[in-house]
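Here is the structure we will look at.
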Ligand code: XMP
């Protein structure tokens with residue numbers, strides 16, 4: 005049962021901007037959830053909203069008479085302009101009598117209460133990836149049940165520079181969880197030796213990860229719950245109530261946990277958008293570095309180091325990538341791009357250093373802006389920022405004598421190179 009008392013339901017009639025409507029309602033500190041226009045009256049009743057917001061309706065879709073018969077206060081036909089938002093605010097406050105007091109602090113309090121209700125005196129396992137979602141889930145569950153949370157962190161040897169250390173520091177010192185940090189670098193690299201083909205690399209990494217995670221999780225025999233960082237866009241993408249036109253979730257993760265590991269899922273972020281997850285992380289006391297982290301693929305640097313993966317190549321990439329990220333933050337562009345990173349190319353070319361001929365690696369810098377990661381444009385980073393990144397990489401990273409900037413949009417390119 006939800007502990008949120010003032011809820012609005014946003015009905016999506018097939019709008020391109022459906023998520024924006026939900027964001028605007030939440031921006032006015034009122035909690036809301038989204039449904040499709042084929043939602044039934046019964047589904048709406050279960051959600052128990054104080055009012056409905058209809059999105060724009062480009063296709064002339066209809067809602068069932070039974071939903072209309074619920075006679076809930078409804079706002080339709082407002083545009084997403086400043087005037088429209090003012091109308092929405094009046095509707096929420098004066099018609100639906102919402103207090104507008106839904107804050108991230110309040111969300112955290114409710115979520116803690118719900119986790120306690122679900123878990124009782126049981127134990128929860130949470131896989132940490134170093135990314136924002138799993139870190140925030142772990143911090144939240146720790147707040148709810150303390151050291152009855154066991155975290156498993158598999159260091160695959162494919163993480164960014166400083167990431168394993170920061171995960172270990174945060175979840176063993178700041179949050180004193182029962183942390184199981186597994187150093188599996190050689191395990192992964194041995195399995196990946198000699199493999200060049202990207203799909204095969206992905207499969208090996210996915211399988212090795214599941215094997216390590218499952219082996220450790222089995223040792224925690226008394227844990228009944230598995231925490232997952234599912235967020236609201238994942239839920240929307242896998243189909244919201246009353247919406248037949250499911251958007252096919254675009255994900256690359258391979259494999260799942262073996263059948264003999266039976267956990268009940270705990271998914272406390274399932275109502276939050278990505279930036280709300282970041283806000284929640286800040287409310288819980290996670291560092292800026294952690295909550296502002298850009299998305300990172302599950303197979304990690306494995307998809308950014310082209311060709312065979314070796315420790316030497318991964319170390320070069322880690323150093324180059326750390327410089328790119330450091331300069332991005334310094335320049336103030338970290339939050340203005342969706343993803344910015346380095347790629348180690350399987351190319352050597354001739355260069356010159358200290359009067360000597362060199363024959364070394366090339367690094368590419370990729371920076372993109374995107375809303376849904378299905379399409380993306382390349383970021384127009386200032387030349388000075390690119391120049392500093394390139395100069396530093398060539399001066400500081402042994403084995404690199406050339407840096408290029410990727411100006412391909414998606415499609416035709418993808419975001420990652422692989
Ligand atoms: P592409 O390369 O397909 O990437 O344009 C789209 C987005 O997905 C991320 N990505 C992944 N995320 N596991 C993930 O969790 C993966 O295996 C994976 N591969 C790609 C990529 O970083 C980009 O944000």
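Numbering (the numbering used here), first residue to last: 5 to 422.
We put the beta carbon where it would ideally sit given N, CA and C, even for glycine.
- Here the region 178-188 makes no contact with the region 197-207; the two share fewer than three CB pairs at distances below 8 Å.
- In terms of Cβ geometry, residue 235 and residue 276 form a close pair [threshold 9 Å].
- Judged by the Cβ position, residue 168 fails to qualify as a neighbour of ligand 1 at the 8 Å threshold, every heavy atom of the ligand being at least this far.
- For secondary structure counted as the alpha helix (DSSP H) over 4 or more consecutive residues, the region 12-64 holds these complete runs in sequence order: 22-31, 45-51.
- Cβ atoms of residue 227 and residue 156 stay farther apart than 8 Å, at about 10 Å.
- Residue 356 and residue 290 have their C-alpha atoms some 44 Å from each other.
- Beta-bridge analysis with DSSP links residue 343 to 372.
- For residue 286, no beta strand (DSSP E) run applies; the uninterrupted alpha helix (DSSP H) run containing it begins and ends at 278-287, by DSSP.
- Using a cutoff of 8 Å, the CB of residue 207 does not count as near ligand 1, since none of the ligand's heavy atoms is closer than that.
- It is roughly 9 Å from the alpha-carbon of residue 148 to the alpha-carbon of residue 118.
- DSSP places residue 128 within a strand segment (E or B) once states are collapsed to three.
- Per DSSP, the continuous beta strand (DSSP E) segment holding residue 408 begins and ends at 404-409.
- For residue 192, the shortest C-beta to heavy atom distance toward ligand 1 is 8 Å or greater.
- Only exposed fits residue 262, as fewer than 16 other CB atoms lie within 10 angstroms of its CB.
- 9 Å or more divides the Cβ of residue 166 from the Cβ of residue 45.
- With a beta-carbon spacing of about 7 Å, residue 229 and residue 129 fall inside the 8 Å limit used to define contacts.
- In the three-state reduction of the DSSP assignment, residue 237 falls in the helix class.
- Residue side-chain check: residue 343 places its Cβ nearer than 8 Å to a non-hydrogen atom of ligand 1.
- Around residue 405, the same chain offers 355, 362, 364 as residues with beta carbons nearer than 6 Å, after the five sequence neighbours per side are excluded.
- Note on geometry: alpha-carbon atoms of residue 193 and residue 267 lie some 30 Å from one another.
- Closest by C-alpha distance to residue 366, out of 330, 375, 309, is 309.
- Here the alpha carbon of residue 43 sits roughly 33 Å from the alpha carbon of residue 342.
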